[in-house]
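Using the working numbering, the first residue of the sequence shown is number 209, and each one after it goes up by one.
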Amino acid sequence: MSLIEIKNLTHIYSEGLPFEKIAIDNLNLNIEENEFIGLIGHTGSGKSTFIQHLNGLLKPSSGEIIVDGTKVDKSSSNLTELRKKIGLVFQYPEYQLFEETIERDIAFGPKNLDLDEDEVLKRVKSSMDSVGLQYETYKDKSPFELSGGLKRRVAIAGVLAMEPKVLILDEPTAGLDPRGRDEILGEIKSIHEKRKITVILVSHSMEDVAKIAERIIVMDKGKVFLDSNPREIFRNEDKLISVGLGIPQITSLMRALKKRGLDINEDSITVEEA
Ligand code: ADP
209 MSLIEIKNLT HIYSEGLPFE KIAIDNLNLN IEENEFIGLI GHTGSGKSTF
259 IQHLNGLLKP SSGEIIVDGT KVDKSSSNLT ELRKKIGLVF QYPEYQLFEE
309 TIERDIAFGP KNLDLDEDEV LKRVKSSMDS VGLQYETYKD KSPFELSGGL
359 KRRVAIAGVL AMEPKVLILD EPTAGLDPRG RDEILGEIKS IHEKRKITVI
409 LVSHSMEDVA KIAERIIVMD KGKVFLDSNP REIFRNEDKL ISVGLGIPQI
459 TSLMRALKKR GLDINEDSIT VEEA
């Protein structure tokens with residue numbers, strides 16, 4: 209049994225109305241424990257719609273999703289259990305910080321689980337450690353005093369404190385400078401390695417996912433268009449271009465793969481320097 213099974217998932221916005229839109233089109237996919245998946249695709253390919261189904265924020269028009277052996281439905285007990293297992297970090301998650309101190313912000317989720325204080329503290333410390341924030345240095349600071357990159361780490365720590373089995377991050381590097389982007393990607397890689405959790409990294413940047421993902425899923429028009437390891441994905445240059453993932457992106461993908469030692473036969477592709 210896979211950790212997540214998606215069977216014939218279809219999502220239609222405004223179904224039955226003249227402007228209805230099929231955002232997910234009969235999608236089938238299995239996700240295993242401890243995978244690191246990069247989910248890429250052009251804007252509008254269905255990435256956000258898809259991940260919102262994984263923690264029950266959207267209801268399928270048809271099809272089903274099974275997480276850890278349990279079918280996702282809209283009952284509140286089912287959703288509570290689901291959201292403990294699937295941690296979703298939205299785009300620009302720092303906008304959702306609201307407590308006066310970093311410690312209180314990160315503790316907010318675990319406190320709602322009715323855990324005892326020691327357990328909450330343990331989770332706050334360990335999730336701060338996972339995102340590279342020293343507990344004593346940062347616990348009493350206001351999250352609003354921090355730089356953009358650090359705020360984002362606090363927001364990720366808040367999701368990690370729920371100890372999910374799956375961490376989904378929607379464009380976690382959006383709006384950061386190259387250094388901030390590499391730092392966040394490094395933290396995400398180490399979270400995956402140390403906590404042994406499944407990570408789904410959503411991005412429109414092939415470079416980001418090529419840097420760290422072990423499996424890349426390319427979406428197009430609400431379907432899985434390609435699903436393989438980074439090397440194989442990259443070999444499908446023509447197909448990538450056909451779904452709007454163009455040459456400059458492929459050039460950066462190659463650089464990122466080279467950095468990881470995942471070099472490919474450059475003679476088999478045409479790459480124009482950006
Ligand atoms: P991505 O995350 O890959 O950019 P989305 O899942 O946001 O893709 O969008 C998939 C398709 O669904 C697009 O055509 C988009 O315009 C449409 N869509 C997304 N959200 C809504 C919505 N709330 N109402 C109607 N259409 C939507």
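Yeah, the Cβ is synthetic: ideal placement off N, Cα and C, and Gly gets one too. On a predicted model such as this, the values are computed, not experimentally measured, just so you know.
According to the DSSP assignment, His-219 belongs to the beta strand (DSSP E) that extends over 212 to 221.
Annotation: Ile-399 to Lys-466 spans about 23 Å, alpha carbon to alpha carbon. In the structure shown, Asn-236 adopts extended strand secondary structure according to DSSP, grouped into three states. Per DSSP, reduced to three states, the secondary structure at Gly-340 is coil, with no helix or strand assignment. A Cβ-Cβ distance of about 11 Å is found for the pair Tyr-303 and Gly-383, leaving them out of contact under the 8 Å criterion. Under the three-state reduction of DSSP, Ile-405 is assigned to coil, being neither helix nor strand.
Under the DSSP assignment, Leu-287 falls in the alpha helix (DSSP H) whose first and last residues are 284 to 293. Inclusion of Val-339 and Arg-361 in the CB contact set at 8 Å is warranted, their separation being smaller than that value. At the C-beta level, Gly-249 and Val-426 come within 8 Å of one another.
Contact check for Lys-359 and Leu-305: beta-carbon distance about 6 Å, within the 8 Å limit, so the pair qualifies.
For Val-362, no beta strand (DSSP E) encloses it; the enclosing alpha helix (DSSP H) starts and ends at 356 to 368.
By the Cβ rule, the segment 313 to 330 does not count as touching the segment 272 to 287, because fewer than three pairs are nearer than 8 Å. Minimum Cα-Cα distance from Arg-312 among the listed residues Ser-284, Gly-356, Lys-282, Ala-365 corresponds to Ala-365. Restricted to the segment 293 to 318, the beta strand (DSSP E) segments that are unbroken, complete and at least 3 residues in length are 294 to 297, listed in chain order. In terms of Cα proximity to Thr-309, the closest of Asp-337, Lys-347, Ile-294 is Lys-347.
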